[in-house]
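With mature numbering (1 follows the signal peptide of the UniProt record, and there is no 0) applied, the sequence shown corresponds to residues -23 to -1, 1 to 218, in that order.
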Amino acid sequence: MRRNVIKTASLILLLFTSISIHAAQLAIIIDDLGYQAMPELLSKLPPEVTISILPNTPYDLTVAAQAKKQQRETLLHMPMEPEHLAPLEVNTLTSTMSQQTLQHTLRQALTRVPDAIAINNHMGSALSQNIQAMGWIMAELKQHNLYYLDSRTTAKSIAQQQATSHSVLSLRRHIFLDHYQTKEFVTKQLTSAIKRAKKYGYAIAIGHPHPITLSTLNELLPGLTKEDITLVRLSTLFAEI
């Protein structure tokens, strides 16, 4: 009897230990890479921090190669049509494209970030509401065994629904770190991401390669362990879906 009690207690302890290990995970993505070489401050961040690279930019292949050397995961930061007028990247996916043109543009962009594990949208508040276009995107991703991260530039996004319809694993961004480029704001947003992770088990935060963002992350990320937060690669979260 006593042996059974000890065995049961051990199993309960193991269960709670397992839950604790996975209870609070944080993934961070730095968007908009490609217009310059990998910033030194970004290279200093833990390799668990993912980068997302704009295709057909002057340094897209260079940054992708640098990330590979750092054992850092990469995403394709695919430009998509916004709701409001804004300067567009040359290879922006738009609602006026045919299926053939849209998928060809996406395939070409993927060659610029050859080790991408997923794509996430750059802008895209209009296109991510377009059922047909997002379906074409997901069909192409399925062919390449890639994931989709919804940057959630609009609350009306149907990207994840279309991903599910095409059997593509998807996640969404919860926190933007640097709407305002101040240490105080980045700190506040990182704190919000930590709170979200503790409440729901995980959080995904997106920032940009601004010096203040990178320097603040370099300062604060070592303190995550004291918060019982594990910094994880984005692929870790996809693997747990």
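Ideal Cβ placement from N, Cα and C applies to all residues, glycine included. Model, not experiment: these values are computed from the prediction.
Quick one: measure Cβ to Cβ for residue i and residue j, integer angstroms, because I've assumed they're closer than 8 angstroms.
i, j, result
"Pro186", "Asp37", "That pair is no contact at about 14 angstroms."
"Thr27", "Leu211", "5 angstroms"
"Ser128", "Ile218", "Not really, about 18 angstroms apart at Cβ, beyond 8 angstroms."
"Leu158", "Ile189", "A small correction: the amino acid at residue 158 is Gln; Leu does not occupy that position in the sequence shown. Sure, about 5 angstroms apart at Cβ, within 8 angstroms."
"Ile108", "Gln139", "7 angstroms"
Compute the Euclidean distance between the alpha carbons of residue i and residue j, then round it to the nearest angstrom.
i, j, result
"Met115", "Ser142", "9 angstroms"
"Leu(-9)", "Leu194", "Unreliable placement is indicated for Leu(-9), whose pLDDT of 44 sits below 50; the coordinate value is still reported in the next sentence. Cα to Cα, the separation comes out at about 32 angstroms."
"Thr164", "Ser75", "43 angstroms"
"Leu62", "Ala103", "11 angstroms"
"Ser29", "Leu148", "15 angstroms"
"Pro64", "Glu25", "31 angstroms"
"Ile(-5)", "Thr207", "The predicted model places Ile(-5) with a pLDDT of 42, which falls under 50 and marks its position as unreliable, so this point remains unresolved."
"Pro56", "Ile152", "20 angstroms"
"Thr168", "Ala42", "32 angstroms"
"Gln2", "Thr88", "30 angstroms"
"Ala110", "Lys203", "44 angstroms"
"Leu22", "Ile135", "32 angstroms"
"Lys119", "Leu126", "14 angstroms"
"Leu70", "Thr82", "7 angstroms"
"Ser117", "Thr39", "Before going further, note that residue 117 is Glu rather than Ser in the sequence given. Straight-line Cα distance between these residues: approximately 25 angstroms."
"Asn98", "Val67", "15 angstroms"
"Gln77", "Trp113", "9 angstroms"
Output yes or no for whether 9 angstroms exceeds the beta carbon distance between residue i and residue j.
i, j, result
"Pro32", "Leu53", "yes"
"Ala96", "Leu79", "Reading off the sequence shown, one finds Ile at residue 96, where the question assumed Ala. No. Outside cutoff."
"Tyr177", "Ala4", "no"
First and last residue of the beta strand (DSSP E) that includes residue i?
i, result
"Leu126", "Tyr124 to Asp127"
"Ser147", "Ser147 to Arg149"
"Met57", "Thr51 to Met57"
"Ala1", "Run containing Ala1: none; DSSP gives neither H nor E here."
"Ile181", "Tyr179 to Gly184"
"Ser142", "Where Ser142 is concerned, there is no enclosing beta strand (DSSP E), although the alpha helix (DSSP H) it sits in stretches over Ala136 to Ser142."
Run the proximity test for residue i: is its beta-carbon closer than 8 angstroms to any non-hydrogen atom belonging to the ligand PLP?
i, result
"Tyr125", "As far as ligands go, the structure on display features none, and thus does not contain the ligand PLP."
What are the boundary residues of the alpha helix (DSSP H) that includes residue i?
i, result
"Met100", "First-last for Met100: Ala95 to Met100, but that is the beta strand (DSSP E), not the alpha helix (DSSP H)."
Open item on the list: Three or more C-beta pairs under 8 angstroms: does that hold for the region 169 to 178 against the region 134 to 150?
Closed with: no
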